[in-house]
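Beneath this line is the structure, given in C-alpha cells, with notes to follow.
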Amino acid sequence: MSRYAPLSRPAASPFLGQPAARPATSRTNQPRGRSFEPPADWWRRREAGSAARLVPVSGSGLARKEREGWSPRMRVDRGRAWCCGRTTDSALTDTGAAARTAGLCRRLINMGRRARDRRRQLQPQQRRERNGGGGDQAGWAGGYPEIVKENELFERYYREQRIVPDGEWDDFMAALREPLPATLRITGYKSHAREILHCLKEKYFRELQHLEVDGQKVEMPQALSWYPEELAWHTNLSRKILRKSPQLERFHQFLVSETECGNISRQEAVSMIPPLLLNINPDHKILDMCAAPGSKTAQLIEMLHADMNVPFPKGFVIANDVDNKRCYLLVHQAKRLNSPCIMVVNHDASSIPNLQIDVDGRKEILFYDRILCDVPCSGDGTMRKNIDVWKKWTTQNSLQLHGLQLRIATRGVEQLAEGGRMVYSTCSLNPIENEAVIASLLEKSQGALELADVSSELPGLKRMPGITKWKVMLKDGQWFEEWKDVPSSRQTQIRPTMFPIKEEEKLKAMNLERCIRILPHHQNTGGFFVAVLIKKSPMPWNKRQPKVHQKSPEKTGDTEVTAANADDGSEDTTEKPTHDGDEESKKVQELQNSDAEQSKKGVCGPPPSKKMKLFGFKEDPFVFLPEDDPLFLPIQKFYALDPSFPKMNLLTRTQEGKKRQLYMVSKELRNVLLNNSEKMKVINTGIKVWSRNSDGEQFGCAFRLAQEGIYTLYPFIHARIINVCIEDVKILLTQENPFLSKFSSETQRKVKDMAMGSIVLKYEPDPEKPDDLQCPIVLCGWQGKTSLRAFVPKNERLHYLRMMGVEVFKAKRKEGEAEGKTEEEVQCRPTQTEQNMDVEDRECDAVTKMEAEMGEESSHSPLESSGMEIENKSEDSDQFSKNTNSHISQESKDINTNNMKD
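So in full-length UniProt numbering, spot 551 of the sequence shown is number 551, and the numbers just go up one at a time.
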C-alpha cells in the first residue's frame, strides 16, 4: 500500500472540474517528494472501509486521528502538512484544518531552515578537519589532498614493454612527475606574425629575465628547435604559475588577449607535430576526424592560408567530432582565425558518411587529400598535466579503446584519396593503442597502405622508433604473448588484432620502426605517438574508387542535391543492378525531385530525422542567396564590389523573415554543403562579412561591414576606403568616437567628400620609417557627420596597440579597493592613456547625442561577435535591438564576445 497515494479519487472535483485521475496502486507510480498534488477536494473527502487516506492535520488534531485508527506519518508537501494512514471507521476531516495546517506548516518549514543554516555553518569547519588543516590555513594550501604520483601497475607494464631505452627509466619517471611547461604558438598565416614575434622577443621575454617565482628562477623562453620559423616557444613556467603569480600578470594578460584574437595559441608542444607531418598545401581537401577541442584544426587552417593575398584557397577543412557539446568548443577555436574554408560537423568518426561533390555536372565521391586521425586514447602521455591519470590508469582502458581506434583509422583510410597522406596519432604510450592499430591496418590493407619515412622531417625533434614486439596484460597483471594463449573467457576483452605479427617477413615489410614515439624526458614534453600513412591504391574491399556516375537532369544556378548513398557510411559503393519495380522507381524519382527543388532554393537544412538520428542542439539551415536576390544589389553598388566577387557564396541562417547577418564560404565548401544536406549535421561554417544596420537604408545600404570578415572582403571592395596614417590609427583605437578635427588633414579631406555610413580604414606601412608598424592593418569603421569611429573588438584593439608600441595594462583589483577601480598604466608611449579614453568617451557621448538629434544614424551596433548568431525573427526582438544597439551608447567594455553556441 502506498504511504501517500489514495486508492481512489473522485471522477472530478465539484469545484475545479478536474478529470478523474488514475489510481496510484503500485510503487512504480507513487508520487515522490514535491511532485505529489493532493486531491482538489481534500477538505471534504471521506471513505468507508479499509482505505489509505490523506488528510490535513494540525498538532491538536493528531491524537484524535490516532484514536480514529490513523497511523500518524507526517510530511510537508506544497505548503501543507499531511497525515497518512489506514482507518476502519468513517473519518471526516476537520473543516477548520486548513488554517491550523498553515500554522503547522510554517513552523515545520522554519525548523528546516534553521537546521539547514546550522549545517552550512558547520561545513567549512568540517571540511578543514577532513583535510587536516586548521582554521588559520592559507587559502591555496587547503582543499583536496595532493595526488600521489605513483602507480605500480603502470611502471610494471611499461618496463616490460621496453619502450624506454636502457638506463633512462629513472629520467623517464622523474619527467612524468614534473609539471608540464607552458608552450605557445604564433599563428603563421597572419600578416603580422613577425610583429608579434618581435614584440615577444624584445618586450615580454626580456621582462622575464632575472625573475624568480616561488623561489624558482624563471628561465628565458626558448624556441622549439623543430618548429619552423621560430613560431613556437616553451618556458619552464607551468600554467598554474602563469595564472596565479602577480609578477607574471602582464605576460599572462598578453597571452590571454592575443589568444582571443587568434594571434597566439597556447598548445602542448607534441600536439603541434601531426599537422606539420601532413605537408599541407592551400589546395588540399582536409578532414580532421576527431577535431575537438581544436588546436590542431587551427594549425590546419593556418596552413591553408599560408598566402594571405589569396582570400579563398581552393582547399578546405572539415572538422568533425562525435560530441555535440565539444563541437561548439571547436567552433570557438576555429572562429578566432576568421576563415571561410572551415566547416564543423557532428558525426561518429568510425562511421562518418561519404560525401558527394558536383564535378562538371556529375556527382562524385569526395576523397580527402589529407586526413588527421587523432583518435580518443587512454591519455597516459598527458600525466604531467592530467594528474588524475596516475590513480586511474589501468591496462583495461587501452583494451577497451583499441577496437574503436582501429575502426576510426579504417574509416579514415577509406576516405583518403590515392596518393594522399593520413596521420594517425594518440597522446598515449601504449603499443596496444599505437603499433597494434597500425599493424592491423597495414595487414588488412594488403599493400594498399604504407608507412611513410619521416625521419628527415622536423629536424631537431628527438624521437624513438616504433617497436615490433609487445605483450598484452590484463588489469589483474596477467600477461599474454600470443592470441592462442588467451582463454575463451577472456577473448571478449582481448582481440587478435592486439598482438604483434608473428611472420617475420610480413612484420619486416610493415616497417613499424617508421612510427614515432615521443618520450617526456627527451625534450621536456608530454608523451605522444605519430604514424604517417600513404595510400597507394584503393582498399582491397573496394578495389574501384567509388563514384556516382549520374548526370544532372538539368543545369540550374545551384548545384543539385541527390539522394543519399548508403547510410552505413561504408566506402563500398559499387554499382548495383537496377530494380524494375515501378513502386521503387517512383520513390527514387520523388526523392530526386524533392532534392532538386530544395537545391534550387539553395537551402541546406539539417537532415531529416528518419535518415539520421540527431543529437544536441537543432541547427538553423544554411540558405544561399539566389542570383537575383534584391538584397545584394544595394550592397554591390554601395561598396563598388568587383565583378569577380563570388556572390553565390553568400549565405544566411534563416529561410524566413529579415536577414540580419550575411556569411561567406569558399566555392568548394558551397559545393559540399549543397550536395550533402541529407548526410551531414553541420554545426557551423563561414565567416560573417556583413551585419544589418537597422537604419542603414537612409545612407544607401542596410548592411555594414563586419571586422571578422574584412580581410576576406577587402580585395573585392573598390569604394569607401580611407587610407590613414599610424597616428590616425592610434586615435581610432584609443578614443571612442573622436571628432573629425582630431585626424590628419589628409584624412579629413577624404572623409569630407564621402557619404555617411560604413567605411574601410586601411593603414599601409612606410618602409622609410622602420620604427613604425611594418604590417598592413584593415579596420571596419563608421563615418558620422562630425565623427569617425572604428568597429573593432576589444582584444583586437589591444593587439594593434601593442604592435604600435602602446601597451594598455590593467592590474588586478587589490583587496579592500572598491569594486570597479583598476590600476592602469601605459608603457613605451605615454601619449595616450586609458584614463584619457574615459574622458574621450564622455566627449563623444555629447557629440553623438547631438548628431542623433540632427538625424544621424542611430542604431548600429559596435559589437563584433566572433561567432555566427542565430537569426531572431521576432519583431519584438527587432525593436529591442534598435533600442539597445543605438549609436549614442558607449562602446562596450567587454566587446570580446566569442559565442560558443552560435
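For glycine and all other residues, C-beta sits at the position ideal for the given N, C-alpha and C.
Residues that residue i bridges to, as DSSP identifies them
| i | result |
| --- | --- |
| Cys725 | Paired residues: none, contrary to the question. |
| residue 903 | What is shown of the chain runs 1 to 902, which leaves residue 903 out entirely. |
| Asn684 | Val344 |
| Ile286 | Val317 and Arg370 |
| Ser787 | Phe739 |
| Leu449 | Lys535 |
| Lys363 | Asp358 |
| Ser398 | Beta-bridge pairing links Ser398 to no other residue. |
| Cys701 | Per DSSP, none; premise fails for Cys701. |
Three-state secondary structure assigned by DSSP to residue i
| i | result |
| --- | --- |
| Arg370 | strand |
| Tyr517 | Position check: residue 517 holds Arg in this sequence, whereas Tyr was assumed. In this structure, Arg517 counts as strand in the three-state DSSP scheme. |
| Ile163 | coil |
| Ala306 | coil |
| Arg107 | helix |
| Thr712 | helix |
| Glu864 | Only weak support is given to the placement of Glu864: the predicted model assigns it a pLDDT of 37, under 50, and the question is left unresolved by the model. |
| Phe499 | coil |
| Thr747 | helix |
| Arg653 | coil |
| Lys391 | helix |
| Gln415 | coil |
| Asn434 | coil |
| Val218 | coil |
| Tyr227 | coil |
| Leu625 | coil |
| Thr468 | coil |
Under 8 Å between C-beta atoms of residue i and residue j
| i | j | result |
| --- | --- | --- |
| Pro465 | Phe172 | no |
| Ile534 | Arg370 | no |
| Ala448 | Lys391 | no |
| Leu713 | Val689 | yes |
| Leu625 | Lys647 | yes |
| Thr187 | Glu302 | yes |
| Val672 | Ile352 | no |
| Phe529 | Ser425 | yes |
| Leu732 | Leu773 | no |
| Tyr368 | Ala319 | no |
| Met289 | Cys377 | no |
| Asp620 | His718 | no |
| Gly527 | Gly315 | no |
| Phe739 | Ser787 | yes |
| Met664 | Gly700 | no |
Given residue i as reference, the closest of the options once Cα atoms are compared
| i | options | result |
| --- | --- | --- |
| Asn397 | Ala409, Asn430, Val423 and Arg407 | Asn430 |
| Lys752 | Cys775, Leu779, Ile722 and Asp766 | Ile722 |
| Phe791 | Ala439, Trp233 and Gln735 | Gln735 |
| Gln400 | Ile432, Arg704, Asp374 and Phe205 | Ile432 |
| Gln405 | Leu337, Gln491, Ser440 and Thr394 | Ser440 |
| Lys794 | Cys199, Ser257 and Glu195 | Ser257 |
| Pro538 | Ser445, Lys508, Ile264 and Pro246 | Ser445 |
| Phe622 | Met343, Tyr639 and Gln267 | Met343 |
| Ile241 | Glu727, Arg749, Val213 and Leu674 | Val213 |
| Lys385 | Asn263, Asp771, Asn524 and Glu202 | Asn524 |
| Val540 | Pro630, Cys515, Glu443 and Leu461 | The residue asked about is misnamed: residue 540 is Pro in this sequence, not Val. Nearest option by C-alpha distance: Glu443. |
| Glu503 | Ser456, Thr468, Thr747 and Pro487 | Thr468 |
| Val437 | Val345, Ala531, Leu355 and Ile518 | Ala531 |
| Lys667 | Asn151, Asp283 and Glu202 | Asp283 |
Residue range of the unbroken beta strand (DSSP E) whose run includes residue i
| i | result |
| --- | --- |
| Gln661 | Gln661 to Met664 |
| Cys377 | Element bounds for Cys377: n/a, residue is neither H nor E. |
| Asp321 | Phe316 to Asp321 |
| Ser257 | Where Ser257 is concerned, there is no enclosing beta strand (DSSP E), although the alpha helix (DSSP H) it sits in stretches over Glu249 to Cys261. |
| Leu761 | Gly757 to Tyr763 |
| Arg384 | Arg384 -> no beta strand (DSSP E), and no H or E assigned at all. |
Host alpha helix (DSSP H) of residue i (start-end)
| i | result |
| --- | --- |
| Asn324 | Asn324 to Lys335 |
| Leu277 | Ile273 to Leu277 |
| Trp233 | Premise fails: Trp233 lies in the beta strand (DSSP E), Ala232 to Thr235, not in any alpha helix (DSSP H). |
| Ile635 | Phe632 to Tyr639 |
| Ala182 | Ala182 -> not in any alpha helix (DSSP H); beta strand (DSSP E) instead, spanning Ala182 to Ile186. |
| Phe312 | Taken as a continuous stretch (DSSP letters only), Phe312 belongs to no alpha helix (DSSP H), as it is neither H nor E. |
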